[in-house]
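K.L.:
Number of protein chains: 2
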Amino acid sequence: MFEVTKSDPSSRARLGCFRTRHGDFMTPAFFPVATQGTIKGLTSRDLKEIGSQGILVNAYHLFLRPGTQIVKEAGGLHRFMSFDGPIVSDSGGYQVFSLEALRKVTDEGVRFQSHIDGATIFLTPEDVIQIQCDLGTDVVLPLDECVKYPTPHEYARVAMDRTLTWLRRSRAYFDQNDNLNALFGIIQGATYEDLRQECLKEALRIGCDGIALGGLSVGEGENLRYNIISFLTDMLSRQERDYLVYCMGVGTPRDILESVALGVDLFDCVIPTRLGRTGTAFTHQGKIVIRNAPCARDYAPIDSECDCFVCTRYTRAYLRHLINAGEMTGAYLITYHNVWWFERFIERIRAAIANGKFSEFKEEFLAKFDAAVKE
Amino acid sequence: MFEVTKSDPSSRARLGCFRTRHGDFMTPAFFPVATQGTIKGLTSRDLKEIGSQGILVNAYHLFLRPGTQIVKEAGGLHRFMSFDGPIVSDSGGYQVFSLEALRKVTDEGVRFQSHIDGATIFLTPEDVIQIQCDLGTDVVLPLDECVKYPTPHEYARVAMDRTLTWLRRSRAYFDQNDNLNALFGIIQGATYEDLRQECLKEALRIGCDGIALGGLSVGEGENLRYNIISFLTDMLSRQERDYLVYCMGVGTPRDILESVALGVDLFDCVIPTRLGRTGTAFTHQGKIVIRNAPCARDYAPIDSECDCFVCTRYTRAYLRHLINAGEMTGAYLITYHNVWWFERFIERIRAAIANGKFSEFKEEFLAKFDAAVKE
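Protein chains in written order, with my numbering: chain A, 1 to 375; chain B, 1 to 375.
Here's what the structure looks like:
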């Protein structure tokens with residue numbers, strides 16, 4: 001399914017291609033987040049225009065609402081959303097474990113209360129795979145146990161062991177039901193190298209169509225995060241075959257560049273949409289808070305280097321007015337720009353790797369981007 | 001500026017063309033409402049795709065936020081919004097008079113408190129014209145006094161007289177400052193024929209580039225409304241030249257059809273956008289409340305006779321999910337469909353008049369539309 005097509009000479013950055021039933025996507029790739037079956041504020045037609053290669057959805061959210069059965073009856077999630085590209089579905093492990101007070105974990109599965117109607121729900125790893133098979137997503141993620149930071153080594157081991165047990169059961173169930181889509185393994189183990197190593201080794205033994213790095217960006221800080229990523233991609237580079245590496249929930253432009261340099265291939269993050277709808281926009285000179293007073297009489301586009309329709313038609317002053325006046329059009333336009341901007345950003349990363357100039361690109365980009373942030 | 005190009009043999013319905021500096025629009029026309037400088041939920045790019053001929057904005061709202069100066073600096077409202085078609089600006093009389101407790105009216109002008117920051121503001125009829133000249137809108141409406149229903153004859157006369165005094169001052173001020181755009185007269189007089197007649201006569205004497213019917217749809221009921229409209233368009237039909245007749249704040253599909261039959265040429269209404277963003281969609285079989293349970297498993301488009309991108313891509317079930325999940329994409333998609341639907345509806349009215357079949361079209365349309373509403 002995954003093929004590395006070019007490796008950067010000065011880092012672990014690489015170009016690759018991942019094949020799915022809904023088309024290939026080129027890596028490094030950034031997937032915007034469509035938690036409930038839509039990118040917040042955008043349509044699937046917008047995604048096509050933007051050129052988003054794929055998206056991430058959340059099986060837990062869609063299971064609760066509208067319900068797996070409705071999506072299945074609609075002909076699967078691709079038809080339901082009218083999006084024909086690759087869809088990755090997160091299992092919802094992270095969401096369930098965010099409901100700390102509302103859930104109980106046993107080796108058998110998780111019991112939790114729906115955040116929508118309070119109903120008690122029990123899901124096994126097999127249920128979670130079945131939900132994703134019913135949704136018809138292209139990349140399926142198993143139920144895992146994500147621990148918060150910091151977590152004692154003892155509990156991190158329990159959670160990691162359980163994640164592996166669940167991966168084993170997920171793999172067996174998935175292989176009986178689906179052999180067209182991909183099942184990724186999720187690597188847990190908190191910030192402990194021994195646990196991360198053990199988890200990755202065993203996950204590879206069980207069999208994974210790609211490697212998802214879980215339990216990162218939970219407060220551990222950049223250095224610890226990059227150490228863990230580097231440690232794992234180093235181990236992966238010594239395997240016989242190439243595995244796509246997916247860093248879940250990452251990230252900022254800096255996080256993406258640093259992680260690509262360490263060999264990460266796929267990212268998803270709510271940053272472009274969450275910041276967009278609250279009035280913060282990405283530019284090549286850093287982020288701008290459009291809703292702030294300095295934009296009131298700023299008749300320039302969000303980013304003069306951007307060629308999205310928002311930047312060619314509207315000024316910061318207009319967008320600020322819309323956000324200030326509570327007009328959802330403002331949230332829509334800035335979200336559109338941000339998702340477009342991230343897609344062009346990741347395209348430029350791929351072009352830099354293709355030209356053997358990734359490290360230069362990374363340095364130049366960050367010098368410009370961070371300089372303005374500090375102003 | 002206005003030319004009637006064809007008259008329906010069986011009613012007062014007519015085709016016309018109104019010229020502005022930002023292009024002509026064909027009548028009957030329906031303008032969606034962009035109170036604060038955007039159609040709620042849509043972009044000006046969407047309006048282009050939908051084929052909206054023009055829009056209505058509110059001078060009062062834009063004066064308060066972002067402020068006339070900012071719009072002027074941006075190069076006028078057309079550039080600020082990136083909309084290059086005809087823009088009608090309502091004076092805000094209706095909005096000011098909705099603030100009953102917060103305003104004081106004298107012949108000199110109105111004193112009121114800003115609904116945004118509570119600041120006390122005094123506006124003369126001349127100020128209101130100046131604001132619209134600064135915005136650069138194509139059709140300007142004078143300050144008027146709109147009374148509620150019912151209002152005693154005595155006060156309706158006071159308000160009507162004041163509306164005329166203000167029209168006289170507005171006309172004089174407008175002619176000194178702007179001779180490229182149009183100033184419409186607003187006809188008040190509540191539900192009293194004598195007052196309406198007097199108002200129209202005097203307004204025509206003062207000079208109007210179009211006739212706006214104000215103070216309708218304020219609770220007086222269909223029969224009274226249609227009587228007043230019919231009475232006024234009958235008077236207008238006996239003038240030497242043709243005046244565009246604009247029925248402010250109207251309406252529903254039925255209101256539009258009945259008013260077109262009485263000789264009304266232009267409409268604006270928030271119905272397609274307000275209903276759209278709360279989950280109600282227009283179809284040729286009547287309105288559907290998409291958020292209701294029957295749509296949960298309805299895998300049909302909103303309207304199988306509609307060719308907008310929402311109807312060709314998404315099902316009622318998906319849209320209901322989005323609205324129920326609080327996703328603004330749902331509000332956007334249904335609003336888009338509704339504004340598209342209204343534009344096609346008014347196009348079909350024009351086509352029916354062109355073919356000499358307006359009355360048949362009206363009957364057939366309402367039979368189908370109302371039948372379903374009653375179900």
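Glycine included, C-beta positions come from ideal geometry on N, C-alpha and C.
Nothing here was measured: the structure is a model prediction, and the numbers come from that model.
Strictly below 7 Å CB to CB, what residues from chain B border G37/A?
P.N.:
For the purposes of this step, residue 37/A is identified with residue 37 of the first sequence, where counting begins at 1. H321, listed in chain order.
K.L.:
Kindly list, in the order they appear in chain B, the residues whose Cβ is closer than 7 Å to that of S82/A.
P.N.:
Taking the first sequence and counting its residues from 1, the one referred to as residue 82/A is at position 82. Within chain B, the residues near S82/A are R313, Y314.
K.L.:
Would you call N223/A buried or exposed, if buried means 16 or more other Cβ atoms sit within 10 Å of its Cβ?
P.N.:
Counting from 1 along the first sequence, the entry for residue 223/A is found at position 223. That one is exposed.
K.L.:
Around the C-beta of G219/B, are 16 or more other C-beta atoms found within 10 angstroms, so that it is buried, or is it exposed?
P.N.:
Mapped onto the second sequence, residue 219/B falls at position 219. Burial call: exposed.
K.L.:
Where does Q188/B land, buried or exposed, given buried means 16+ other C-beta within 10 angstroms?
P.N.:
Translated into positions along the second sequence, residue 188/B becomes position 188. Buried, since its Cβ has 16 or more Cβ neighbours within 10 Å.
K.L.:
Using only the alpha-carbon positions, how far apart do K104/A and T120/A sit?
P.N.:
Taking the first residue of the first sequence as position 1, residue 104/A is located at position 104. Taking the first residue of the first sequence as position 1, residue 120/A is located at position 120. Taking the straight line joining both Cα atoms gives about 11 Å.
K.L.:
So G41/A contacts chain B; which residues on that side make the cut at Cβ distance below 9 Å?
P.N.:
The residue labelled residue 41/A in the question sits at position 41 within the first sequence. What G41/A touches in chain B: E327, M328, T329, Y332.
K.L.:
What's the gap between the Cα of N338/B and the Cα of R205/A?
P.N.:
As a working note, residue 338/B is residue 338 in the second sequence. As a working note, residue 205/A is residue 205 in the first sequence. Approximately 55 Å, taken between the alpha carbons.
K.L.:
Which ranges does the beta strand (DSSP E) cover as unbroken runs of at least 3 residues, wholly within the stretch 261-296 of chain A, from first to last along the chain?
P.N.:
Within the stretch 261-296 of chain A, the complete beta strand (DSSP E) runs of at least 3 residues are 266-269, 280-283, 286-289.
K.L.:
For a contact defined as C-beta to C-beta under 8 Å, what are the partners of A296/B on chain A?
P.N.:
Translated into the one-based positions of the second sequence, residue 296/B becomes position 296. Neighbours of A296/B on chain A, chain order: P66, I70.
K.L.:
Is Y318/B close to chain A? Criterion is C-beta to C-beta, closer than 8 Å.
P.N.:
In the second sequence, counting from the first residue as 1, residue 318/B sits at position 318. Interface residue, yes.
K.L.:
Using 8 Å as the Cβ pair cut-off and three pairs as the minimum, do the stretch 133-153 of chain B and the stretch 190-198 of chain B touch?
P.N.:
The stretch 133-153 of chain B is in contact with the stretch 190-198 of chain B.
K.L.:
Which one of R111/A, T273/A, E3/A, D8/A has the shortest CA to CA distance from Q360/A?
P.N.:
Residue mapping note: residue 360/A aligns to position 360 of the first sequence, counting from 1. First, the amino acid is wrong: residue 360/A is Glu here, not Gln. It is D8/A.
K.L.:
In or out: D255/A buried (at least 16 other Cβ within 10 Å) or exposed?
P.N.:
Within the first sequence, residue 255/A is the residue found at index 255, counting from 1. The residue is buried, with at least 16 neighbouring Cβ atoms inside 10 Å.
K.L.:
Cα-Cα, which of M81/B, L183/B, V158/B is closest to R168/B?
P.N.:
Taking the first residue of the second sequence as position 1, residue 168/B is located at position 168. Checking every option, the nearest Cα to that of R168/B belongs to L183/B.
K.L.:
Contact criterion: CB-CB distance below 8 Å. Does Y60/A meet it with respect to chain B?
P.N.:
Indexing the first sequence from 1 puts residue 60/A at position 60. Closer than 8 Å: no.
K.L.:
Pull up the DSSP beta-bridge partners for S89/B, would you.
P.N.:
Here residue 89/B corresponds to residue number 89 of the second sequence, with the count starting at 1. Answer is V57/B, V140/B, bridged to S89/B.
K.L.:
Counting Cβ pairs, one atom from each stretch, are 3 or more of them under 8 Å apart for the stretch 261-270 of chain B and the stretch 221-237 of chain B?
P.N.:
The stretch 261-270 of chain B vs the stretch 221-237 of chain B: in contact.
K.L.:
Could you spell out where the alpha helix (DSSP H) holding T233/A opens and where it closes?
P.N.:
Within the first sequence, numbered from 1, the residue matching residue 233/A stands at position 233. 222-237 is the extent of the alpha helix (DSSP H) around T233/A.
K.L.:
Could you pull the DSSP bridge partners for L123/B from this structure?
P.N.:
The count along the second sequence starts at 1 and reaches residue 123/B at position 123. For L123/B, which the question treats as bridged, DSSP gives the partners V110/B.
K.L.:
To the nearest whole angstrom, what separates the beta carbons of F2/A and Y243/A, a pair I think is in contact under 8 Å?
P.N.:
As a working mapping, residue 2/A is identified with position 2 in the first sequence. As a working mapping, residue 243/A is identified with position 243 in the first sequence. Contact flag correct, Cβ pair sits at about 7 Å.
K.L.:
I'd like to know whether the C-beta atoms of I186/B and A212/B end up nearer to each other than 8 Å.
P.N.:
Indexing the second sequence from 1 puts residue 186/B at position 186. Indexing the second sequence from 1 puts residue 212/B at position 212. Cβ atoms of I186/B and A212/B: closer than 8 Å.
K.L.:
DSSP beta-bridge partners for R65/A?
P.N.:
By one-based count along the first sequence, residue 65/A stands at place 65. Partner(s): none; R65/A has no beta bridge.
K.L.:
For P66/A and V88/B, what's the separation of their Cα atoms in angstroms?
P.N.:
Looking up residue 66/A in the first sequence gives position 66. Looking up residue 88/B in the second sequence gives position 88. When rounded, the distance between both Cα atoms is 42 Å.
K.L.:
Quick one, are the C-beta atoms of I131/A and S170/A less than 8 Å apart?
P.N.:
For the purposes of this step, residue 131/A is taken as the residue at position 131 of the first sequence. For the purposes of this step, residue 170/A is taken as the residue at position 170 of the first sequence. No, Cβ-Cβ distance for I131/A and S170/A is not below 8 Å.
K.L.:
Within 8 Å (strictly less), CB to CB, does F112/B reach chain A?
P.N.:
Looking up residue 112/B in the second sequence gives position 112. It does not: the Cβ of F112/B has no partner Cβ on chain A nearer than 8 Å.
K.L.:
Would you report the Cα separation of V140/A and N181/A, rounded to the nearest angstrom?
P.N.:
Along the first sequence, read from residue 1 onward, the residue named residue 140/A stands at position 140. Along the first sequence, read from residue 1 onward, the residue named residue 181/A stands at position 181. So the alpha carbons of these two residues sit roughly 7 Å apart.
K.L.:
Beta-carbon of E375/A versus every beta-carbon of chain B: anything under 8 Å?
P.N.:
In the first sequence, residue 375/A corresponds to position 375, counting from 1. Confidence at E375/A is low in this model, with a pLDDT of 42, below 50, so the placement of that residue should be treated as unreliable; the coordinate-derived value is given next. With 8 Å as the cut-off, E375/A does not count as an interface residue toward chain B.
K.L.:
If we ignore side chains and look at the alpha-carbon of each, how far apart do F282/B and D303/B end up?
P.N.:
Taking the second sequence and counting its residues from 1, the one referred to as residue 282/B is at position 282. Taking the second sequence and counting its residues from 1, the one referred to as residue 303/B is at position 303. Taking the straight line joining both Cα atoms gives about 8 Å.
K.L.:
Under the rule that 16 or more other beta-carbon atoms within 10 Å means buried, what is D90/A, buried or exposed?
P.N.:
Start at 1 with the first residue of the first sequence, and residue 90/A comes out as number 90. Its Cβ being crowded by 16 or more others within 10 Å, D90/A is buried.
K.L.:
For the beta strand (DSSP E) containing Y149/B, name the first residue and the last one.
P.N.:
Your numbering for residue 149/B matches position 149 in the second sequence. Looking at the DSSP string, Y149/B is not in any beta strand (DSSP E), and its letter there is neither H nor E.
K.L.:
Counting only the same chain and skipping the five closest in sequence on each side, list residues whose C-beta sits under 8 Å from that of Y299/B.
P.N.:
Sequence index remark: in the second sequence, residue 299/B carries index 299 (1-based). So the qualifying residues of the chain are T315, R316, A317.
K.L.:
List the residues of chain A that N324/B touches, going by C-beta distances under 9 Å, in chain order.
P.N.:
Position 324 of the second sequence, counting from 1, holds the residue named residue 324/B. Within 9 Å Cβ-Cβ: R65, P66.
K.L.:
Can you list, in chain order, the residues of its chain with a C-beta nearer than 6 Å to that of A367/A? Leave out the 5 residues immediately preceding and following it.
P.N.:
The count along the first sequence starts at 1 and reaches residue 367/A at position 367. Cβ neighbours of A367/A beyond the five flanking positions: none.
K.L.:
Would you check if the stretch 35-42 of chain A and the stretch 318-333 of chain B touch, i.e. whether three or more CB-CB distances between them fall below 8 Å?
P.N.:
Touching, per the Cβ criterion.
K.L.:
Under 7 Å between beta-carbons, which chain A residues line up against F309/B? List them in chain order, please.
P.N.:
Reading the second sequence from its first residue, position 309 is the one you call residue 309/B. Within 7 Å Cβ-Cβ: R45.
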